[in-house]
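Each remark here refers to the structure printed beneath this line.
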Amino acid sequence: MSKPVLLVTRKLPDQIEDLAAERFDARLNSQDEPWFRDGSEIARRASECGAAGILCAAGDPLNGTAIGALPASVKAIATFSVGYDHIDVKAARERGITVANTPEVLSFATAETAMTLMLMAARRAGEGERMVRAGKWEGWAPTQLMGVTLEGKKLGILGMGRIGRELAQMARGFRMEIHYRDINRLPAELEQGAIYHDSDDAFLAAIDVISMHVPGGDATRKWLNAERLSKMKRGALVVNSGRGGSVDDAALVEALKTGQIRGAGLDVYDGEPKIFEGYMGLENVALLPHLGSATVETRDAMGRRALENLEAVLIKNSPAPHEVR
Ligand code: DGY
-18 MSKPVLLVTR KLPDQIEDLA AERFDARLNS QDEPWFRDGS EIARRASECG AAGILCAAGD
42 PLNGTAIGAL PASVKAIATF SVGYDHIDVK AARERGITVA NTPEVLSFAT AETAMTLMLM
102 AARRAGEGER MVRAGKWEGW APTQLMGVTL EGKKLGILGM GRIGRELAQM ARGFRMEIHY
162 RDINRLPAEL EQGAIYHDSD DAFLAAIDVI SMHVPGGDAT RKWLNAERLS KMKRGALVVN
222 SGRGGSVDDA ALVEALKTGQ IRGAGLDVYD GEPKIFEGYM GLENVALLPH LGSATVETRD
282 AMGRRALENL EAVLIKNSPA PHEVR
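At position 252 of the sequence shown (counting the first as 1) the number is 233 in the working numbering, and the numbers step up by one without a gap.
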């Protein structure tokens, strides 16, 4: 029996490409540079090869128009990411296409990235690194690059999903007090002693650091705006490793300039890889290139999970274990 044709939009870790080629008639993207910036290009290539499945990644723009242009042969789209705001899931469902993602396996790595950003923002690590590399460091000095400690600070987690809960556990190791805000209160066994707030105002007023873990999309668009930033304590820290669109960049830049926000750490950006120009000249913001899940171990697990999803639908004729609904 012939193997289903699988269109892979990005270069994947070698062992994942080998697995894909074992199980599917895989049309791999062997380029190191992403080459599908445009959903219509994905649709064109899917038609060209008669793809049954598409293995895409965060940021591949499969909007309604691109989904509408896919050939009828496509039955499943698996994204190499937990986030799926780049895919119009409703449009896919209407065409009978299963959409699946890679939850769980990247929670720890992404929480590690949030912790890294929190430490960079609190301890001015980016500024220090730039000073050393620029040859401007003249030796230890009692008042040089003083940051703030995380010990005893109140961490506010916005979006207490799997990643938020991993971060809560890690931050406890730094002796932080954990607060959270979510659409609903979690069952006690998942709360792990974190303090729930049932209003944004109470949450923002209570915390010293906010770490954002909400999905992208209209519901969270520019959630952290000028008004909410003004409700935080003066000198608070902001961390975002979720989706860039949930922060109002102009408002955050202004708050970083006035000192309302002492420092920020960002891994994700609205319209990335474009970065809001206002961040570039600021010393008190750490900017990472969407590294959230970028560990060897995690990317391997994500690849395996994406292939399991595709195998279920295209080979075993069963539901994808991580179907997005
Ligand atoms: C995801 O999985 O959604 C990340 O943002 C990409 O690693």
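Glycine included, C-beta positions come from ideal geometry on N, C-alpha and C.
Annotated as proximal: Ala81 and Val305, with beta-carbon spacing under 8 Å. In the three-state reduction of the DSSP assignment, Asp199 falls in the helix class, which pools H, G and I. 8 Å or more divides the Cβ of Ile68 from the Cβ of Leu36. As computed with DSSP, Tyr65 is found in no beta bridge at all.
A distance filter of 6 Å between CB atoms and the heavy atoms of ligand 1 selects the following residues in sequence order: Ala39, Ser62, Val63, Gly64, Leu87, Gly273 and Ser274. In the three-state reduction of the DSSP assignment, Ser21 falls in the helix class.
By the Cβ-count criterion, Glu258 is exposed, with fewer than 16 other Cβ atoms from all chains shown falling within 10 Å of its own Cβ. The DSSP-derived three-state label of Ala38 is strand.
Bounds of any beta strand (DSSP E) do not take in Glu258; it lies within the alpha helix (DSSP H) bounded by Glu258 to Met261.
If you look at Asp248, you'll find it isn't in any beta strand (DSSP E); DSSP assigns it neither H nor E.
The beta-bridge partner set that DSSP reports for Met96 is empty. The stretch 76 to 128 is shown to contain whole beta strand (DSSP E) runs of 3 or more residues at 79 to 81, in chain order.
Here Gly128 is actually not in contact with Arg156; their C-beta atoms are around 16 Å apart, not less than 8 Å. Between the alpha carbons of Ala92 and Glu292 lies a distance of about 29 Å.
Partner residues in the beta bridge of Gly244, as assigned by DSSP, are Leu218. Linking Arg286 to Leu87 through their CA atoms gives a straight-line distance of about 11 Å. The beta carbon of Gly145 is closer than 6 Å to those of Ile138 and His194 in its chain, skipping five residues each way along the sequence.
Val228 and Met101 have their alpha carbons spaced roughly 19 Å apart.
Scanning Ala57, Arg224, Arg26 and Ala73 for the CA closest to the CA of Pro302 turns up Ala57. Beta-bridge partners assigned by DSSP to Asp(-1): none are found. For Glu235, the closest C-alpha among the options Ala39, Gln150 and Ser211 is that of Ser211.
In this structure, DSSP gives Leu171 a helical state, which the three-state scheme calls helix. Between Ile242 and Ala217, the beta carbon gap of about 6 Å places them in contact (Cβ cut-off 8 Å). Within the same chain, and ignoring the five residues on either side of Gln173 in sequence, the residues whose Cβ sits closer than 6 Å to its Cβ are Ala149.
For His160, DSSP records a beta bridge to Gly137 and Ile176. By the neighbour-count criterion, in which a residue is buried when 16 or more other Cβ atoms sit within 10 angstroms of its Cβ, Lys134 is buried. Counting along the chain, Asp6 sits inside the beta strand (DSSP E) bounded by residues Asp6 to Arg8. Boundaries for Ile296: no alpha helix (DSSP H) harbours it, and the DSSP string shows neither H nor E there.
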